[in-house]
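First the structure, in the form of structure tokens, and then the observations on it.
2 protein chains.
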Amino acid sequence: MSNKLSDQVGSVGVVETKFFSFGDVDNGLTLESGVNFGPITIAYETYGEMNEDKSNCILICHALTGDAHVAGFTFPEEKKPGWWDNMVGPDKTFDTNKYFVICSNIIGGCKGSSGPASINPKTGYHYGMEFPIVTIKDMVDTQKVLIDHLGIDKLFAVVGGSFGGMQVLQWTVSYPTMVRLAISIATTARVAPQAIAFDAVGRHAIMNDPNWNEGDYYGKEKPNQGLRIARMIGHIQYLSDLSMQQKFARNLQNKEKPDYNWSSEFQVESYLDYQSDTFVKRFDANSYLYITKAVDYFDLSSQYGSVRKAFANTEATFLVISFSSDWLFPSSSAKEIVSALRRANKDVSYAEIQTDYGHDAFLLEVGTLSRLISNFMEYAL
Amino acid sequence: MSNKLSDQVGSVGVVETKFFSFGDVDNGLTLESGVNFGPITIAYETYGEMNEDKSNCILICHALTGDAHVAGFTFPEEKKPGWWDNMVGPDKTFDTNKYFVICSNIIGGCKGSSGPASINPKTGYHYGMEFPIVTIKDMVDTQKVLIDHLGIDKLFAVVGGSFGGMQVLQWTVSYPTMVRLAISIATTARVAPQAIAFDAVGRHAIMNDPNWNEGDYYGKEKPNQGLRIARMIGHIQYLSDLSMQQKFARNLQNKEKPDYNWSSEFQVESYLDYQSDTFVKRFDANSYLYITKAVDYFDLSSQYGSVRKAFANTEATFLVISFSSDWLFPSSSAKEIVSALRRANKDVSYAEIQTDYGHDAFLLEVGTLSRLISNFMEYAL
């Protein structure tokens, strides 16, 4: 028997990221800002087989700094599978023996889809801040072009957590007849001023880094210190006060008493150092600017007058999930979505998962999420 | 009648900041870190008259970026009085017809007491990061030297909010027989990992500013961008989620629809810009490093084994106040103090003020605070 993780039972094995491009400089997609933008490339992965009537297609929308690589391995010896591998695969919640699962990287990101690090065909150089500002609606519109390209008329389900959950909601609003089941986890229909404020601080940190250089740093020193600070703020938002108490308390790093110096003496400080150091190796600072800007603009009510009106035409059946200790997108945000859907006479189930993990629970409470989602998908069939 | 604010009824009028110095390079104060440090200067103000038996003395401890100038005006035409002027003055809560009120600037700060911007007598140049790391205990120890200098054996009351509240608690522990009434508002007996994390991010922002230059920037360009970011984080902590919703919602600055650019489009963003711009004009970045470090180290239990044991010898009567929407030092922190005091058989009153203002309520809920504190002081007399 093979030792490779990619050969194990329950894994989708080795998968290849695919690329789909459309539009050109003169004829692209009209963005929410009014800008017409092209060409656009979308990186995506698929798992499982599409059935004959294309009725088994599930679109997964990734979170803020995620990517299209949801499950399996990009090469046979890889140690770490895709970001939601425990949910996607043969006999798993999103059972690839049964469903055709798709995930695409958002535009504005840096994981294969068009973003600020991509080459601008007009200049032959990286877009940098010449890349247009994009919104969640724009991200969903590009996913729609991909879904059309795959020949799918109606998605069996659209699923996502956090930033991915915003895309789920936007899908049901922008393409009300194309989504059968909508599963939104730990998200909001309109981003609150506190979250906008933290995002703005993160952007200031990046833009104040001398290496940022107005976004023109490709091939040079990167604005890593600024991006580190932005990411640290994110990690504080993703944990709950209680999970921080449980995980770190006031423990010092490898000692009993403080040394009274300027090093990261507390464990919580070295956690932030480690997480942000890892992050800057895999993520582009300009993309962080673009995607947090997209978050801040997200407000279903602004486009339609109210959240309820936004949902007026959707034909989807909804499952809304929140986590009790999530203070980034708290249960009150989920309840606003549920209430708007009920007032719009839509079919919605809601579950608040009791957990201390905070917003991070989206990737940690796998067992509970799996049961809820499996039951929902079975009931809805 | 005069138009000057300083001549108005209820004002202490024009006050002068005084300075008291002690110790020298070879014989200073032994800090919690073990370092012996001197000379030390303390800037302080007093209001009202000390009575014959010196039994009417109230020490006010200021918050993180506050100063000794609690009440009145530094010059006759000044427009803005001291930071707690609505609580301190003739016939006010801390009635200067009745009490002798003292407030001193913390060491490590930048408002007249010794701090990193002070001149190091060994070098003739600003200390910068040569200034020793100081703790809340050290700050209280220097206040004690001042109180001794003023000839006061026992303080009628020690009062403070937030960072000032930590000093109040430390006073009752370090000098258990010297405090008659202890009034601690919106504070904690040990700073939680979430607060440590945010403080660490703020320090990273300052230290990553290219102008910081290892703390050696006096007379040069200051690390204002880094300090701005640190302060923005603070302001988010001081407001509640709800007060941000009420104050800013998702409103844009002077427009109905976004322009999709990189300016501070949301009102909450321009609030942070304005507050932090104002702050960097009045505060030294190095002091911000030192005082947030002092906050992070604050843990009464670490010095004595538990919070209850820390309070074992205190003779003070306590009033503990928290604000329902404060998420920086939430009511649970206040309840930990109260519970420890009760288990130590101390006399303690506790009030949670219902308010949406968050941590900022300390300076906003003046009416309620005034009633609570006046009643407490009267009852205890």
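Protein sequence lines, in the order shown, are assigned to chains A and B.
All residue numbers for the first sequence refer to the numbering used here, where the first residue is 25 and numbers rise by one.
All residue numbers for the second sequence refer to the numbering used here, where the first residue is 25 and numbers rise by one.
All C-beta atoms, glycine included, are put in the ideal place defined by N, C-alpha and C.
For clarity, every value in this text was computed on a predicted model and none was experimentally measured.
- For the 8 Å CB-CB criterion, residue 232 of chain A and residue 250 of chain A form a contact.
- Put simply, the CB of residue 229 of chain A is near chain B, with a gap under 8 Å to one of its CB atoms.
- Between residue 302 of chain B and residue 399 of chain A, the alpha-carbon positions lie close to 55 Å from each other.
- Interface residue (Cβ-Cβ distance to chain A less than 8 Å): residue 376 of chain B is not classified as such.
- The continuous beta strand (DSSP E) containing residue 43 of chain B extends over residues 42–46.
- At a cut-off of 8 Å between beta carbons, residue 57 of chain A contacts chain B.
- Under the DSSP assignment, residue 360 of chain B falls outside any beta strand (DSSP E), being part of the alpha helix (DSSP H) whose first and last residues are 355–367.
- In the DSSP assignment, the residues bridged to residue 374 of chain A are A/344.
- When Cβ-Cβ separations below 8 Å define contact, residue 292 of chain A makes contact with chain B.
- In the three-state DSSP reduction, residue 295 of chain A falls in the helix class (H, G or I).
- Taking every protein chain shown into account, the CB of residue 175 of chain B has fewer than 16 other CB atoms within 10 angstroms, so this residue is exposed.
- Pairing residue 372 of chain A with residue 358 of chain A gives a Cβ-Cβ distance that is not under 8 Å.
- Rounded to the nearest angstrom, the gap between the Cα atoms of residue 220 of chain B and residue 258 of chain A is 15 Å.
- Residue 332 of chain B is classed as buried because its beta carbon has at least 16 other beta carbons within 10 Å across all chains shown.
- A straight-line Cα-Cα distance of about 41 Å links residue 72 of chain B and residue 282 of chain A.
- Chain-order list of chain B residues neighbouring residue 268 of chain A: 216, 217, 218, 221, by C-beta distance under 8 Å.
- Measuring C-alpha to C-alpha distances from residue 291 of chain A to each of A/312, A/215, A/268, A/205 identifies A/268 as the nearest.
- Residue 274 of chain A reaches chain B at 214, 217, 323, counting residues in chain order whose Cβ is nearer than 7 Å.
- Shortest Cα-Cα distance from residue 363 of chain A to any of A/389, A/384, A/336, A/378 involves A/336.
- For residue 83 of chain A, the uninterrupted beta strand (DSSP E) segment begins and ends at 81–85.
- Residues of chain B with a Cβ closer than 7 Å to the Cβ of residue 265 of chain A are, in chain order, 216, 218.
- If you draw a straight line from the Cα of residue 309 of chain A to the Cα of residue 130 of chain A, it is about 15 Å long.
- Per the DSSP secondary-structure output, residue 182 of chain B pairs in a beta bridge with B/83, B/206.
- Interface criterion met: the Cβ of residue 296 of chain A is under 8 Å from a Cβ in chain B.
- A distance below 8 Å between beta-carbons, with the five flanking residues on each side excluded, links residue 327 of chain B to the following residues of its chain, in chain order: 161, 197, 334.
- For the pair residue 128 of chain A and residue 181 of chain A, the CB atoms are not nearer than the 8 Å cut-off.
- Judged by DSSP in its simplified three-state form, residue 112 of chain B adopts strand.
- Within chain B, the C-beta atoms nearer than 8 Å to that of residue 256 of chain A come from 221, 224, 225, 228, in chain order.
- At least one beta carbon of chain B lies nearer than 8 Å to the beta carbon of residue 288 of chain A.
- Closest by C-alpha distance to residue 330 of chain A, out of A/205, A/352, A/214, is A/214.
- Per the DSSP secondary-structure output, residue 131 of chain B pairs with nothing in a beta bridge.
- Taken through DSSP and simplified to helix, strand or coil, residue 53 of chain A comes out as strand.
- Within the same chain, Cβ atoms closer than 7 Å to the Cβ of residue 54 of chain A are found at 60, the five residues on either side in sequence being excluded.
- Looking at the backbone, the Cα of residue 154 of chain A and that of residue 235 of chain A are separated by about 17 Å.
- Taken through DSSP and simplified to helix, strand or coil, residue 99 of chain A comes out as coil.
- Residue state for residue 379 of chain B is assigned as coil, using DSSP reduced to three classes.
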